[in-house]
Amino acid sequence: MRLAYLITQYPKVSHTFIRREILALERLGHTVIRLAIRNSRQELVEKKDIDERAKTTYFLGGKNHSQAFTVMLEFVRQPFAVVREVYRAICAGIRSEIGFLRNLSYVIEALFFLAVLRKKQIDHVHAHFVSNSTAVARIMRRLGGPPYSFTAHGRVMFDSPQSLDVKGKVAEAAFVVGISDYTVSQLLRWARIDDWLKIHVVRCAVSESFFNRARSMLPASKQFVCVGRLSAEKGQLLLMQAFARVAADFGDATLTFVGDGPLRDTIQAASDRLGISKRVHLTGNLDESGVSKEIAQSRALIVPSFMEGLPVVIMESFALGRPVIATSISGIPELVFPGENGWLIPAGNIDRLEVAMREALTLPPETLEKMGHRGREVVKKRHDLCAEVAKLDGLFRRYSSDSA
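Heads up: the sequence shown begins at 1 in the working numbering, then just goes up one per residue.
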């Protein structure tokens, strides 16, 4: 099949699982073109992401006069249908939190990408995330474009399901994917009952490089690692407070943050204020090899988020044989089992986070290694790249034949 993958920003440090999915589909024989509304402003550190950027067609960042001509040409092709979509966008904008200008931009983006789809003879569009990209794919379908599907993940869907019109997007999609049982449950919650059968679980997969890396013994150091975007919803400021309490009793304990984001300076200032600046390290964004190295050098990964989908970094930590301390939210309990391969704590509870960290520092190394091994087995069983992409491949083929 000739597929188009549509993402709001691509490539991006936090979207490596999308890249793995695309490359795996290509290995199965699909032709996949990459479409993105805009380029990520992040500095890319992974060569594979740099290569992906060169393969991606962008709406924003191209030649404006050429894009304007393309949009006008599509308008001339079907003016009445486009006017109808503009009217829908204005009505939707009045009801939504983002306003009608954003919704109007979706129509313009859809017109531009529709021309690309026609030129590339695309059979099916698959979007990632429920917001911008799926909205554009939906409009393209209404304007005569190919069927679309989307993968739902991230916190946005959980925050604003009605504003995003999850029900309508599911209804008009050929099929819908959730990355976890929890995500699927929320799709079922907001979709029409008649559309439940088109909603499926396809789990995110971990890179084979994490499994192929030589397994190492638990390090003697007492390092914790937290990997992810530095932002308020990730709970890193509460982690700093819990770590400050732990560090007072464990003079050799350290905490490393891998990632970047708007909270970087705030975290740095907090470490100074709490008197732990020499024990807290911020690496910035790292490539896949750098992330695996930091996890392997740690006693445990910590995920203190207030809201998540199901972080791929948990799978990466387990693949490397390291246990995980995480908040008991959304899809995380599907992977982290207390006492078996890690700790689950209530989101926002500093006291419970402190207790879990103390336990991780005092448990015998062989116990932590067994926990990491159990986590590795769970990931191998439930998050295998070949198996999950095979499911997605089956969905593309099944629903393309249904619509033929």
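All C-beta atoms, glycine included, are put in the ideal place defined by N, C-alpha and C.
Margin query: Could you give the first and the last residue of the continuous alpha helix (DSSP H) run that contains A247?
Written below: Taken as a continuous stretch (DSSP letters only), the alpha helix (DSSP H) holding A247 covers 236–247.
Next item on the list: Name the residue from G168, R38, Q67 whose alpha carbon lies nearest to the alpha carbon of R53.
Entry: Taking the Cα of R53 as reference, the smallest distance to any Cα among G168, R38, Q67 is reached at R38.
Notebook entry, point to check: Does the beta-carbon distance from M357 to A270 come in below 9 Å?
Noted result: No. Outside cutoff.
Note to self: Check for me: the beta strand (DSSP E) holding C226 runs from which residue to which?
What the structure shows: Following the DSSP letters along the chain, one finds C226 inside the beta strand (DSSP E) bounded by residues 222–227.
Item checked: Helix, strand or coil at A269 according to DSSP, with G and I counted as helix -> Shown here, A269 sits in a helix according to DSSP, grouped into three states.
Note to self: Mapping the DSSP letters down to three states, classify H30 as helix, strand or coil.
What the structure shows: Coil, per DSSP.
Checklist line | Classification of K169 by the beta-carbon crowding that lies within 10 angstroms, buried from 16 upward | finding: Taking all protein chains in view, the Cβ of K169 is crowded by 16 or more other Cβ atoms within 10 Å, so the residue is classified as buried.
Next item on the list: Tell me the start and end of each unbroken beta strand (DSSP E) in the stretch 49–73 that is at least 3 residues and wholly inside, in chain order.
Entry: Segments of the beta strand (DSSP E) lying fully in the stretch 49–73: 56–58.
Note to self: Please report the straight-line C-alpha distance between L164 and S105, rounded to a whole angstrom.
What the structure shows: Cα-Cα distance, rounded: 15 Å.
Note to self: Would you call the stretch 310–317 in contact with the stretch 191–208, where contact means no fewer than 3 C-beta pairs closer than 8 Å?
What the structure shows: The stretch 310–317 is in contact with the stretch 191–208.
Margin query: Just to check my reading of the structure: G259 and R279 have Cβ atoms closer than 8 Å, yes? What is that Cβ distance to the nearest angstrom?
Written below: Actually they do not touch by this definition, with Cβ atoms about 18 Å apart.
Check: Going by beta carbon distance, what residues of the same chain come within less than 8 Å of Q406, once the five residues before and after it are set aside?
Finding: Since the displayed the chain opens at 1 and closes at 404, residue 406 lies outside it and no answer follows.
Margin query: Using a Cβ-Cβ cutoff of less than 8 Å, which residues in the same chain neighbour R397 once the five nearest sequence positions on both sides are dropped?
Written below: The residues are M1.
Next item on the list: Taking the CB atoms as reference points, tell me whether F158 and A360 lie closer together than 9 Å.
Entry: Going by C-beta atoms, F158 is not nearer than 9 Å to A360.
Margin query: Between the alpha carbons of E109 and L218, how many angstroms are there, rounded?
Written below: Going by the C-alpha atoms only, they are around 50 Å apart.
Item checked: Contacts around L35, its chain only, beta-carbon distance under 6 Å, and the 5 residues preceding and following it disregarded -> Excluding residues up to 5 positions away in sequence, A4, L6, T57, F113 lie with their Cβ nearer than 6 Å to the Cβ of L35 in the same chain.
Check: Should D49 go down as buried or exposed, given a rule of 16 or more other Cβ atoms within 10 Å for buried?
Finding: By the neighbour-count criterion, in which a residue is buried when 16 or more other Cβ atoms sit within 10 angstroms of its Cβ, D49 is buried.
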